[in-house]
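S.K.: One structure coming up, written as structure tokens, with questions to follow.
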Ligand code: NDP
Ligand code: MG
């Protein structure tokens, strides 16, 4: 395999730092050519000095000079600001983008990478939730592979290798259930930020950890799966599996079910996406079926975790509704992380925003941006941000 030049967008995050571990462990296969952060300048500088990329981008322009000064003795080019992310995504210095920015902010650079015909390893699920039709259409047009990093979608992708065009009957997305599995609204109403940030199986960035606690993460993943695998909404099923050993399953037309399994460790789907179609040897801990262990499965409690019901509604109705759901959710989670709203209030903010913003059946990219902005503005008024 020739050395692949990787651009890590969001290199200072949970996905980004784990991707750099994978690159560091396989220096003959991968080089880190682009690193980007929003505000964590110290870590970005440290990563740049270690990996010697071609380019770094710091989103927050007030931190540009600090990064520039710290890297003055190197050849590394330093850029700053939101626009620079898109400009760098359009450059020729890399082969594959790891899209590891969190939230709507990841959409434009990722779309730019696809536009330029770059392969994309996609962690940023919000990109597909917001504008999945446009992104996937563009990927087909440009013959760009979009390789999922999200563990469930990586599992499905892995189950589909070798199946050629065998039709899928349905996919089963597994969910850990998060830290509040089995809890009821009378408990959830008092949940605070620090408790919600403790996920039982995965260590992740703050936003996705809250999304996992509310089950919004699984809702976003249903929409992500629809676009990645070209499915009808009814073909996407969610099943709670608290041990997170089966990462998801595919049922084919003959009733046969394939599952992909392993210990919950994001480095595995990250490595798979970077090295695809190869599998690389590694030292990650392994699941041992000989150890006493039980795998459990149950239906999600959508009466309690209503975010999953709202996301299912958005999945079925389509149009700009997933974009609106996502924007309202980003505002609600941001407010919850600052102790401005309660755990259950997040759902009310999302529901009211979905009712408020006008429905558009087939939005243009511009209309997606407008729906996102309108939803954010309205959601913020509900919270008095
Ligand atoms: P983190 O919050 O840990 O990291 C986010 C990264 O994006 C950081 O590098 C951050 O920079 C940067 N960033 C944040 N805001 C902006 C912005 N407005 N503009 C540009 N860059 C920005 O998130 P995760 O790594 O947990 O998640 C990243 C994506 O991957 C999300 O979409 C998530 O849903 C998805 N994902 C994550 C998984 C995980 O295990 N963590 C699993 C599956 C999917 P800075 O550090 O400077 O703030
Ligand atoms: Mg996931």
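In our numbering, the protein residues as written are 205 to 589. The C-beta atom is built at its ideal place from N, Cα and C for all residues, glycine as well. Here the structure is a predicted model, which means the values were calculated and not measured.
1. Considering only their Cβ atoms, is the gap separating residue 281 from residue 258 smaller than 8 Å?
2. Is residue 208 helix, strand or coil by DSSP?
3. Whose CA, out of 238, 454 and 443, lies closest to the CA of residue 464?
4. For residue 344, which three-state DSSP category applies?
5. Taking DSSP's pairing of strands, which residues face residue 463 in a bridge?
6. Return the chain-ordered list of same chain residues with a C-beta closer than 8 Å to the C-beta of residue 573, the five sequence neighbours on each side being excluded.
7. Which whole runs of the alpha helix (DSSP H) in the stretch 529-586 are 4 residues long or more, in chain order?
8. I believe residue 353 touches residue 325 by the beta-carbon criterion, under 8 Å. Please report the beta-carbon distance rounded to the nearest angstrom.
9. Between which two residues does the beta strand (DSSP E) harbouring residue 379 extend?
10. Which of helix, strand or coil does DSSP assign to residue 393?
11. With distances taken from CA atoms, which of 446, 295, 229 and 276 is nearest residue 378?
12. Let me make sure I understand the geometry here. Which of 493, 473 and 380 has the alpha-carbon closest to that of residue 443?
13. Closer than 7 Å by C-beta to residue 292: which residues in its own chain qualify, once you throw out the five before and the five after it? Chain order, please.
14. I'd like the span of the alpha helix (DSSP H) that includes residue 313, first residue to last.
15. According to DSSP, residue 283 sits in a beta bridge with which residue or residues?
16. Using CA coordinates, which residue listed in 418, 252 and 576 is at the minimum distance from residue 504?
17. Tell me, please, whether the stretch 413-433 touches the stretch 332-348 by the rule of three or more beta-carbon pairs shorter than 8 Å.
18. Would you check whether the ligand MG has a heavy atom nearer than 7 Å to the C-beta of residue 245?
19. Can you tell which of 488, 517 and 415 has its C-alpha closest to the C-alpha of residue 547?
20. Assuming residue 330 contacts residue 304 under a Cβ cut-off of 8 Å, what Cβ separation, rounded to an integer in Å, is found between them?
21. Excluding the five sequence neighbours on either side, which residues of its own chain have a C-beta within less than 7 Å of the C-beta of residue 586, listed in chain order?
22. Between which two residues does the beta strand (DSSP E) containing residue 323 stretch?
23. For residue 442, which three-state DSSP category applies?
24. DSSP has residue 330 in a bridge; who is on the other side?
25. Residue 594 to residue 406, Cα distance in whole Å?
26. Between 299, 475 and 495, which has its C-alpha nearest residue 486's C-alpha?
27. Excluding the 5 residues flanking residue 560 on each side, which residues of the same chain have their C-beta closer than 7 Å to its C-beta?
28. Name the DSSP bridge partner or partners of residue 238?
29. Quick one, are the C-beta atoms of residue 427 and residue 515 less than 8 Å apart?
30. If you run the structure through DSSP and keep just helix, strand and coil, what is residue 303?
31. Within a Cβ cutoff of 7 Å, which residues of the same chain sit near residue 410, ignoring the five residues on either side of it in sequence?
32. Around the Cβ of residue 232, are there at least 16 other Cβ atoms within 10 angstroms (buried) or fewer (exposed)?
33. Which stretch, first to last residue, makes up the alpha helix (DSSP H) that contains residue 506?
34. Measure the alpha-carbon distance for residue 333 versus residue 527 and round it to whole angstroms.
35. Using the Cα positions of residue 584 and residue 535, report the straight-line distance between them to the nearest angstrom.
36. Taking the CB atoms as reference points, tell me whether residue 263 and residue 294 lie closer together than 8 Å.
M.R.: For this structure:
1. Counted from its first residue, the chain shown places residue 258 at position 54. Counted from its first residue, the chain shown places residue 281 at position 77. It is a contact, given that the beta carbons lie within the stated cut-off.
2. Locating residue 208 in the chain shown gives position 4, counting from the first residue. Assignment of residue 208 by DSSP, reduced to helix, strand and coil, places it in the strand class.
3. Against the chain shown, residue 464 aligns to sequence position 260. Comparing Cα positions, the closest option is 454.
4. What you label residue 344 is simply residue 140 of the chain shown in a count that begins at 1. Residue state, collapsed to three classes: helix.
5. As a first step, residue 463 must be located in the chain shown, where it is residue number 259. The partner list for residue 463 (beta bridge, DSSP) reads 453.
6. Indexing the chain shown from 1 puts residue 573 at position 369. Non-local beta-carbon contacts of residue 573 in its own chain, meaning distances under 8 Å to residues more than five positions away in sequence, are absent.
7. Here the runs fully enclosed are 549-560.
8. Locating residue 353 in the chain shown gives position 149, where the first residue counts as 1. Locating residue 325 in the chain shown gives position 121, where the first residue counts as 1. Sure, about 5 Å apart at Cβ, within 8 Å.
9. Locating residue 379 in the chain shown gives position 175, counting from the first residue. 372-379 is the extent of the beta strand (DSSP E) around residue 379.
10. Indexing the chain shown from 1 puts residue 393 at position 189. Coil at residue 393, not helix or strand.
11. As a working mapping, residue 378 is identified with position 174 in the chain shown. Comparing Cα positions, the closest option is 446.
12. Counting from 1 along the chain shown, the entry for residue 443 is found at position 239. Nearest to residue 443 by alpha-carbon distance, out of 493, 473 and 380, is 380.
13. Along the chain shown, one-based indexing puts residue 292 at 88. For residue 292, where only same-chain residues beyond five positions count, the Cβ hits under 7 Å are 238, 259, 261 and 283.
14. Taking the first residue of the chain shown as 1, we reach residue 313 at position 109. 311-319 is the extent of the alpha helix (DSSP H) around residue 313.
15. Mapped onto the chain shown, residue 283 falls at position 79. Its beta-bridge partners are 261.
16. Here residue 504 refers to the residue found at position 300 when the chain shown is read from its first residue. Closest option to residue 504, Cα to Cα, is 418.
17. The stretch 413-433 makes contact with the stretch 332-348; the number of CB pairs closer than 8 Å reaches 3 or more.
18. The sequence position of residue 245 within the chain shown is 41, counting from 1. Within 7 Å of the C-beta of residue 245 there is not a single heavy atom belonging to the ligand MG.
19. Numbered from its first residue, the chain shown carries residue 547 at position 343. Among 488, 517 and 415, the Cα nearest to that of residue 547 is on 415.
20. Mapped onto the chain shown, residue 330 falls at position 126. Mapped onto the chain shown, residue 304 falls at position 100. Contact doesn't hold; Cβ gap of about 12 Å is too wide.
21. What you label residue 586 is simply residue 382 of the chain shown in a count that begins at 1. Within the same chain, and ignoring the five residues on either side of residue 586 in sequence, the residues whose Cβ sits closer than 7 Å to its Cβ are 553 and 556.
22. Counting from one through the chain shown, the residue named residue 323 turns up at place 119. From DSSP, the beta strand (DSSP E) with residue 323 extends over 323-326.
23. In the chain shown, counting from the first residue as 1, residue 442 sits at position 238. In this structure, residue 442 counts as strand in the three-state DSSP scheme.
24. For this step, residue 330 is matched to residue 126 along the chain shown. Note: residue 330 sits in no beta bridge, so no partner.
25. With the chain represented from 205 up to 589, any question about residue 594 goes unanswered, as that position is not in the structure.
26. As a first step, residue 486 must be located in the chain shown, where it is residue number 282. Residue 486 has its Cα closest to that of 475, out of 299, 475 and 495.
27. Locating residue 560 in the chain shown gives position 356, counting from the first residue. Same-chain partners within the cutoff: 582.
28. Here the question's residue 238 lines up with position 34 in the chain shown. BP columns for residue 238 point to 211 and 259.
29. Within the chain shown, the letter at position 223 stands for residue 427. Within the chain shown, the letter at position 311 stands for residue 515. Cβ distance < 8 Å, so residue 427 and residue 515 count as in contact.
30. Along the chain shown, one-based indexing puts residue 303 at 99. Note: residue 303 maps to strand in three-state DSSP.
31. One-based indexing of the chain shown puts residue 410 at position 206. So the list reads 401 and 541, once near-sequence residues are dropped.
32. Taking the chain shown and counting its residues from 1, one reaches residue 232 at position 28. Residue 232 comes out exposed.
33. Reading the chain shown from its first residue, position 302 is the one you call residue 506. Per DSSP, residue 506 belongs to no alpha helix (DSSP H) and is neither H nor E.
34. If you number the chain shown from 1, residue 333 lands on position 129. If you number the chain shown from 1, residue 527 lands on position 323. Going from the Cα of residue 333 to the Cα of residue 527 covers about 6 Å.
35. Walking along the chain shown from the start, residue 584 turns up at place 380. Walking along the chain shown from the start, residue 535 turns up at place 331. Rounded to the nearest angstrom, the two C-alpha atoms are 7 Å apart.
36. Taking the first residue of the chain shown as position 1, residue 263 is located at position 59. Taking the first residue of the chain shown as position 1, residue 294 is located at position 90. Contact annotation: residue 263 and residue 294 have beta-carbon atoms that are not nearer than 8 Å.
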